[in-house]
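Numbering (my numbering), first residue to last: 11 to 206.
This is the structure:
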C-alpha cells in the first residue's frame with residue numbers, strides 16, 4: 011500500500027495498471043478505479059459493497075466519455091454545466107453494464123480541479139464513489155479513509171482535510187431540471203441555471 015501526494019505521476023500509472031486508490035476529488039475523498047478496466051471497477055464496487063447503485067464517472071472531457079461508450083447527443087445537451095462539481099445522470103442504454111449495474115444510466119461529471127484534471131488527462135475516465143462504508147460518514151482525511159479500507163486499497167493520496175459537500179446530482183427530464191441530491195453546486199430548478 012502506497013501513500014502518495016497529489017501531483018505524483020505514479021497516481022495515473024497505478025490507475026492505468028488497474029489499481030484502486032483513494033484520492034481527493036473535487037468534492038470529497040473518493041475510491042477511484044479506471045473506468046475502462048472491468049476488473050478494477052468490479053473490485054471497487056465490491057470494496058464499497060455497492061450493488062445496483064453505480065458510482066460517478068469523472069472525466070477530463072466529453073470526448074473521453076464518448077470514447078468510453080456514452081452517447082455524444084446526451085452529453086452535448088448538458089456540457090454547459092461543466093467543468094464543475096455537478097454530476098448529471100446520463101442514459102447509457104445497454105452499453106457499459108459493468109459500470110451501470112443494471113441501472114442503464116450513470117452520474118457523470120467533468121471536474122474543475124486542476125490537479126484532478128491532470129490525472130484524468132492521462133488516465134481517461136475514472137469511476138468514483140465516496141470513501142466510506144454505506145450509511146457512514148465520508149472520510150474527511152486519509153486517516154479516516156484508512157480506517158474504512160486499510161490494506162484493501164492499493165494506494166492513498168493525501169490531500170489534507172476535506173470538509174466539502176458531495177457533488178450535486180441532477181437529471182434532465184424533457185426540458186426540466188430535477189435536483190436528485192443537493193451538494194456543492196447550487197442549481198435553480200426552475201431555470202436550470204447554476205446559482206453563482
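All residues carry an ideal CB built from backbone N, CA and C; glycine is no exception.
Buried is the label assigned to residue 178, since at least 16 other Cβ atoms lie within 10 Å of its Cβ. In the structure shown, residue 101 adopts extended strand secondary structure according to DSSP, grouped into three states.
According to the DSSP assignment, residue 144 belongs to no beta strand (DSSP E), since it is labelled neither H nor E.
Residue nearest to residue 83 within the set 70, 91, 101 and 95 is 101 (criterion: CA-CA distance). Here residue 20 carries a helix assignment [DSSP, helix/strand/coil]. Below 8 Å, too few C-beta pairs join the stretch 73-87 and the stretch 167-174 to call them touching: fewer than three. Under the DSSP definition of a beta bridge, residue 181 partners with 188. Judged by their CB atoms, residue 86 and residue 119 are not nearer to each other than the 8 Å cut-off. For residue 75, the enclosing alpha helix (DSSP H) begins and ends at 72-78.
Judged by their CB atoms, residue 43 and residue 137 are nearer to each other than the 8 Å cut-off. Within the same chain, and ignoring the five residues on either side of residue 191 in sequence, the residues whose Cβ sits closer than 6 Å to its Cβ are 179. Below 8 Å, too few C-beta pairs join the stretch 59-66 and the stretch 156-164 to call them touching: fewer than three. Positions of the beta strand (DSSP E) runs, each at least 3 residues long and wholly inside the stretch 36-92, are given as 39-44 and 66-68 in order along the chain. As the crow flies, the alpha-carbon of residue 46 is around 23 Å from that of residue 88. Beta-bridge pairing by DSSP links residue 13 to 166. Residue 110 and residue 116 have their alpha carbons spaced roughly 6 Å apart. Residue 57 and residue 41 do touch by the CB rule: their CB atoms are close to 6 Å apart, below 8 Å. In the three-state reduction of the DSSP assignment, residue 133 falls in the helix class, which pools H, G and I. A direct Cα-to-Cα measurement between residue 65 and residue 153 gives close to 22 Å. For residue 116, there is no enclosing alpha helix (DSSP H); the enclosing beta strand (DSSP E) covers residues 115-119.
Here DSSP, grouped into helix, strand and coil, assigns residue 197 to strand.
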